[in-house]
Amino acid sequence: MRVNQTEVIGLIVLGVIVVALVVGFVVSGSRRRSGTSAPTTPRTPPAASPGGSGERSSVAAPPTPGTTEVPSAVPDIAPAEPEALPAAPAAEEPEPVGGRLARLRGRLARSGSPFGARLLAVLSRDQIGEDDWDEIEEALLLADVGAGPSAEIVERLRTHARVNGLKDAAAVRANLRAALVEMLDPSLDRTLHIDPQIAPDGGPAPAVVLVVGVNGTGKTTTVGKLTRVLVAEDKDVLLGAADTFRAAAADQLSTWGARVGVETVRSEREGGDPASVAFDAVRRGRAEQVDVVLVDTAGRLQNKADLMDELGKIARVIAKEAPLSEVLLVLDATTGQNGLNQARVFAEVANVTGIVLTKLDGTARGGIVIAVQRELGVPVKLVGLGEGPDDLAPFDVEQFVDGILAEG
Ligand code: GDP
93 MRVNQTEVIG LIVLGVIVVA LVVGFVVSGS RRRSGTSAPT TPRTPPAASP GGSGERSSVA
153 APPTPGTTEV PSAVPDIAPA EPEALPAAPA AEEPEPVGGR LARLRGRLAR SGSPFGARLL
213 AVLSRDQIGE DDWDEIEEAL LLADVGAGPS AEIVERLRTH ARVNGLKDAA AVRANLRAAL
273 VEMLDPSLDR TLHIDPQIAP DGGPAPAVVL VVGVNGTGKT TTVGKLTRVL VAEDKDVLLG
333 AADTFRAAAA DQLSTWGARV GVETVRSERE GGDPASVAFD AVRRGRAEQV DVVLVDTAGR
393 LQNKADLMDE LGKIARVIAK EAPLSEVLLV LDATTGQNGL NQARVFAEVA NVTGIVLTKL
453 DGTARGGIVI AVQRELGVPV KLVGLGEGPD DLAPFDVEQF VDGILAEG
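Each residue of the sequence shown is one higher than the one before, starting from 93 at the first, in the working numbering.
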């Protein structure tokens, strides 16, 4: 009898515990259903969000097209919930290379037109006289061809006219075309070197393109446009925001990248070390086996020694992980000879392998192409022909010269 009483008390206590557990579970379940408690797994933000790795630099991840993450710890939640998440914006499709070239060809040709109109006025005269030579030289100078090349071109035309007795405008014009083409040297290698490379340790490494130039010339925009060109060619790209002096510059770059599903390695804080961002970007690019790492830099020009230090350090740390494939110098076509002086400083401190001439749309100073190539001894590889995301074209000598000499 005593044993039975103990058993009954034990059963009652057990029953109370079971009831309490059941009630607790139901309350907690109904809370979760009504959404009042925080999910145990934080949701992945739908768009790029900088920061958070706790390292020197972090990666701004682009949105992943077509994926929505469901928190795994709450599988009993109504299946409709994933639809409530904001849909990740799909990455843009950059303009295919073929279409882009067809569209920009006309624009490249037109970019030199104001220059051409001026020359045309002289070249439409029946005979070219002494005053006309001066006028041709003036037109070349005003188009920023530069004093040396302008004088050389006119001297060549003059000699040709004297020797051959040809002074009619058509002959002079044909000769001028030949002189301009020759000065721009169509035989120069204008391809972008983005082949896979061998790292110093013998392993595979991505191509690394460093982009330098004065602020405001269009560096970041060019990196953004170039990213789109490479994505359109099915390349895997990673961006490095080594312009750490303005947070806005890194934001701008991440935005360009995110639009086409490309990640950006950036500093966690404004004023971080540009070289370590460049290094992290290249190391990460290696680890992820991307095809190309594009590194944007700051263009501060307060003095040559500082610039040399900064770019030198960036180049050295990158070289520990992968050889530099290209150093592109960005130059604003509208700044003329002044821009050229600044470009000269960059060319002295960095081993520039190619020039990107931006803002060639709508400037009458297309002749800067000739001056800059001459001065720096480096080919113009790409030209910016507008503010649109796909307004970047390979530089083509003959098309450009035909544009300069086009009628109106
Ligand atoms: P950064 O300081 O050198 O990085 O220069 P940004 O990339 O911020 O560009 C400065 C300005 O130039 C922006 O307003 C760009 O839209 C503009 N820009 C860049 N490239 C071109 C171009 O080819 N044509 C025109 N019209 N504007 C351009």
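Glycine included, C-beta positions come from ideal geometry on N, C-alpha and C.
What you are looking at is a predicted structure, and each value in this text was computed from that prediction instead of being measured.
Linking M275 to I462 through their CA atoms gives a straight-line distance of about 7 Å.
CA-CA distance, V323 to V437, rounds to 32 Å.
In this structure, the C-beta of N307 approaches ligand 1 to less than 7 Å from one of its heavy atoms. For Q429, the secondary structure class from DSSP, reduced to helix, strand or coil, is helix. Set against 7 Å, the gap from the CB of G458 to the closest heavy atom of ligand 1 is not smaller. Each residue's CA atom was taken as its position, placing G316 and S279 some 28 Å apart. Its chain contains no residue whose beta carbon lies nearer than 6 Å to that of N433 once the 5 sequence neighbours on both sides are disregarded. If you check the CB distance, R199 and D453 come in under 8 Å. The beta carbons of V374 and V385 sit closer together than 8 Å. In the DSSP assignment, V419 is bridged to L302. For L468, no pairing in a beta bridge is given by DSSP. For V461, DSSP records no beta bridge to any residue. When the beta-carbon positions are compared, L403 and I410 stay at least 8 Å from each other. Around the beta carbon of Q465, a 10 Å sphere encloses 16 or more other beta carbons of the protein chains shown; the residue is thus reported as buried. In the DSSP assignment, L386 falls within the beta strand (DSSP E) that extends over 384-389. Collapsing the DSSP output to three states places V444 in coil.
Comparing C-alpha distances from A261 to each of V304, G240, A213 shows the shortest one belongs to A213. Distance from the CA of Q491 to the CA of A498, rounded to the nearest whole angstrom, comes to 10 Å. Here the alpha carbon of D277 sits roughly 43 Å from the alpha carbon of E362. Annotation for G294: no alpha helix (DSSP H) segment contains it, and DSSP assigns it neither H nor E. Counting along the chain, A183 sits inside no beta strand (DSSP E), nor does DSSP assign it H or E at all. Contact annotation: I245 and L232 have beta-carbon atoms nearer than 8 Å. Counting other Cβ atoms within 10 Å of its Cβ, P288 stays below 16 and is therefore classed as exposed.
Taking V448 as the centre and dropping the five residues before and after it, the same chain places the C-beta of T314, L420, V422, L474 closer than 6 Å to its C-beta, in chain order. The continuous stretches of alpha helix (DSSP H) do not include P481, and DSSP gives it neither H nor E.
Under the DSSP assignment, L276 falls in the alpha helix (DSSP H) whose first and last residues are 261-276.
DSSP places S359 inside the beta strand (DSSP E), whose first and last residues are 355-359. The Cβ-Cβ distance between A425 and T455 falls below 8 Å. Distances taken from the Cβ of V461 to the heavy atoms of ligand 1 include none shorter than 7 Å. With contacts defined by Cβ atoms closer than 8 Å, D483 and L196 form a contacting pair.
With distances taken between CA atoms, E230 lies nearest to R210 out of G476, R210, I220. The residues E229, in chain order, have a CB closer than 8 Å to that of A243 in the same chain once the five nearest residues on each side in sequence are set aside. Non-local beta-carbon contacts of V472 in its own chain, meaning distances under 7 Å to residues more than five positions away in sequence, involve I447, L449, V461, V464, Q465, F487 in chain order.
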